[in-house]
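Novice: Starting off with a structure, shown below.
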Amino acid sequence: MPITSQPSSSNGPWDAKLQQFHGGQDWAHLENFIEDFSVTTNAFGMPESAKLASVRSIEHSHHYPPADQEPAKSSLAQFLWPSTWSQDTERLILGNGASELIDLVIRMAPRGTWKPGPFRTQYKEYERSARNNEYQMLDSESPEKANVACLVNPCNPTGDYLELAEVEQWILDNVLPGGHVLIDESMQPWHSPEFRDHSLTNARSFVEQIYKDHGISVFVMHSWTKLWCCTGLRLGSVVCPTADHMRAIKKLQVPWSVNTVALAFLDAVVNDHVYLNKTWQMTSAWRKQTVDRIKDRFPEWQCHGREFLSWVWVDTKSEEVAQKAVDLAKAHGVPVRSGRPGYNLPTYIRLAVREPSKVDHLFKAWETI
Ligand SMILES: Cc1ncc(COP(=O)(O)O)c(C=O)c1O
């Protein structure tokens with residue numbers, strides 16, 4: 418393919434013609450920075466135990482990382498499948514953030530049509546990769562089944578969530594025989610301590626059966642940079658339908674794509690039960706407080722999303738008000754994510770769940786709205 422140069426068009430640090438906009442870029446440029454509300458990371462920040470393990474691992478960073486991603490990969494397998502991990506590890510592979518794996522799986526999928534999940538919008542890197550790989554794009558409402566379908570569940574940013582039986586039905590209704598389906602469960606572990614019982618990672622017999630009966634390959638994607646608040650480290654994984662699918666990804670993946678520091682972090686973080694318990698306990702409580710404050714202060718705004726999630730998706734009902742909320746938040750060192758770039762929903766804003774003292778700063782910023 419000839420390389421043609423295109424003039425770049427900036428959207429902050431993003432090249433708007435070539436890259437997808439994401440939150441999380443403002444903090445470094447704000448002298449008065451207080452808290453980042455523009456990303457969906459865990460309100461408790463990086464877990465200390467794992468941070469320490471990753472800092473210690475710098476000592477070994479003059480060596481290459483392990484080519485088999487061990488022992489971190491098996492540790493994650495034990496986290497996902499406490500009793501059956503030894504048989505499931507061969508279906509798991511780690512990536513340099515979920516973003517790397519999203520692109521790899523879409524690149525190796527059968528070409529043809531591509532379809533997003535049923536919600537109003539969803540995390541856009543799936544679509545970006547599909548466009549780059551010249552799929553024919555179908556609308557989420559299209560009655561047609563697709564060769565490749567991607568569902569973000571729970572959905573960032575809308576906060577919608579399908580229960581396991583609904584996800585299975587959606588796959589049956591939307592994927593062609595021989596097709597690939599990517600289900601993104603990055604935000605699913607927030608569900609509760611029983612999250613595994615509600616996850617497609619544990620629907621082994623469904624995944625096996627649909628592959629056997631229809632040749633449909635189900636991939637379950639996780640970004641671990643949100644739950645364990647380590648966006649700068651880059652950590653993701655995908656659970657493949659079979660070990661052969663895992664090997665097909667491994668064949669394409671560049672060696673050592675997950676670095677020593679990220680592997681050390683992962684190997685430690687899966688054992689931090691205190692961190693996850695406080696995450697399950699406090700996220701929904703703090704989220705409710707934020708939603709109540711919004712209802713009280715801005716009764717015309719509408720809050721969306723399931724109660725356990727780490728963010729609130731808010732329709733301000735006005736493009737002007739949303740822009741003002743974004744501008745004021747940034748000016749006061751508490752940036753939020755606008756719904757305009759990428760999602761094209763300019764009346765919406767997305768704000769992370771954070772502890773109440775940080776939320777005070779955000780509401781102070783919005784005093785003049
Ligand atoms: C639903 C979802 N999936 C995947 C990703 C990619 O995350 P990363 O590449 O940081 O692991 C994100 C990041 O925002 C996300 O929200």
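Per the numbering used here, the sequence shown starts with residue 418, numbered consecutively.
From the three backbone atoms N, C-alpha and C, an ideal C-beta is built for every residue, glycine too.
Hey, which unbroken runs of the beta strand (DSSP E) at 3 residues or more fall wholly within the stretch 539-570?
Specialist: 563-569
Novice: Kindly confirm or deny that the stretch 520-533 and the stretch 551-561 touch, where touching means at least three C-beta pairs closer than 8 Å.
Specialist: yes
Novice: When the Cα atoms are used, what is the spatial distance from Lys-741 to Thr-707?
Specialist: 19 Å
Novice: Taking 8 Å as the limit between beta carbons, can you name the residues of its chain near Ser-561, skipping five residues before and five after?
Specialist: Residue identity check: residue 561 is Glu in the sequence provided, not Ser. Cβ neighbours of Glu-561 within its own chain (closer than 8 Å, five residues either side excluded): Thr-530, Lys-532, Leu-555.
Novice: Ligand 1 and Gly-514: does any heavy atom of the ligand fall closer than 6 Å to the residue's C-beta?
Specialist: yes
Novice: Near Arg-537, what residues of its chain come up, given a Cβ to Cβ distance below 6 Å and the 5 sequence neighbours on each side ignored?
Specialist: Thr-575
Novice: Would you give the residue range spanned by the alpha helix (DSSP H) that Met-663 belongs to?
Specialist: 660-669
Novice: According to DSSP, is Tyr-481 helix, strand or coil?
Specialist: In the three-state reduction of the DSSP assignment, Tyr-481 falls in the coil class.
Novice: Beta-carbon within less than 6 Å of Asp-577's beta-carbon, same chain only, minus the 5 sequence neighbours each way: which residues are those?
Specialist: Phe-536.
Novice: Quick one: what's got a C-beta closer than 6 Å to Ala-489's C-beta in the same chain, skipping five residues either side?
Specialist: The residues are Leu-680, Leu-683, Asp-684.
Novice: Is Gly-653 near ligand 1, with its Cβ less than 6 Å from a heavy atom?
Specialist: yes
Novice: Consult DSSP for Ile-600 and reduce its assignment to one of helix, strand or coil.
Specialist: Residue state, collapsed to three classes: strand.
Novice: Express the C-alpha separation of Val-656 and Gln-626 in angstroms, rounding to a whole number.
Specialist: 16 Å
Novice: Along the chain, where does the alpha helix (DSSP H) that runs through Pro-773 open and close?
Specialist: 773-782
Novice: Does DSSP classify Arg-767 as helix, strand or coil?
Specialist: In the structure shown, Arg-767 sits in a strand (DSSP, three-state: E or B).
Novice: Can you list, in chain order, the residues of its chain whose CB lies under 8 Å from that of Ala-484, leaving out five sequence neighbours each side?
Specialist: Pro-672, Trp-673
Novice: In chain order, what residues of the same chain have a beta carbon less than 8 Å from the beta carbon of Val-731, not counting five sequence neighbours either side?
Specialist: Ile-711, Trp-718, Gln-719, Cys-720, His-721, Tyr-765, Ile-766, Arg-767, Leu-768
Novice: Within the chosen definition, does the stretch 465-479 reach the stretch 663-672 through at least 3 CB pairs nearer than 8 Å?
Specialist: Inter-segment contact for the stretch 465-479 and the stretch 663-672 is absent: fewer than three beta-carbon pairs are separated by less than 8 Å.
Novice: Using only alpha-carbon positions, find the residue among Thr-648, Asn-619, Ser-701, His-631 that is nearest to Val-637.
Specialist: Asn-619
Novice: Would you check if the distance between the CB atom of Ser-546 and the CB atom of Ile-510 is smaller than 7 Å?
Specialist: no
Novice: Is DSSP giving Lys-490 helix, strand or coil here?
Specialist: Secondary structure of Lys-490 (DSSP, three-state): helix.
Novice: Would you mind sorting Val-472 into buried or exposed? The rule is 16 or more other CB atoms within 10 Å of its CB.
Specialist: Exposed is the label assigned to Val-472, since fewer than 16 other Cβ atoms lie within 10 Å of its Cβ.
Novice: Is it buried or exposed for Ala-445, if we count other Cβ within 10 angstroms and need 16 for buried?
Specialist: Ala-445 is exposed by the Cβ-count criterion.
Novice: Pick from His-608, Met-663, Asn-564, Gly-441: whose alpha carbon is nearest that of Thr-506?
Specialist: Proximity to Thr-506 across His-608, Met-663, Asn-564, Gly-441 peaks at Met-663, based on C-alpha coordinates.
Novice: What whole-angstrom Cβ distance do Trp-607 and Ala-467 have, given they're in contact under 8 Å?
Specialist: Trp-607 to Ala-467, Cβ: 18 Å. No contact.
Novice: In whole angstroms, what separates the C-alpha of Val-753 from that of Ala-702?
Specialist: 20 Å
Novice: Answer with buried or exposed for Ala-582, where buried requires no fewer than 16 other C-beta atoms within 10 angstroms of its C-beta.
Specialist: exposed
Novice: Give the DSSP bridge partners of Ile-510, in chain order.
Specialist: Val-655
Novice: Let's see if you can read the secondary structure: which residues bound the alpha helix (DSSP H) around Ser-466?
Specialist: 465-474
Novice: Specify the secondary structure class of Asn-688 as computed by DSSP and reduced to three states.
Specialist: coil
Novice: Just to confirm my understanding: we take Lys-643, look at its own chain, exclude 5 residues before and 5 after, and list those with CB closer than 7 Å. What are they?
Specialist: Thr-457, Thr-458, Asn-459, Ser-603, Met-604, Ser-727
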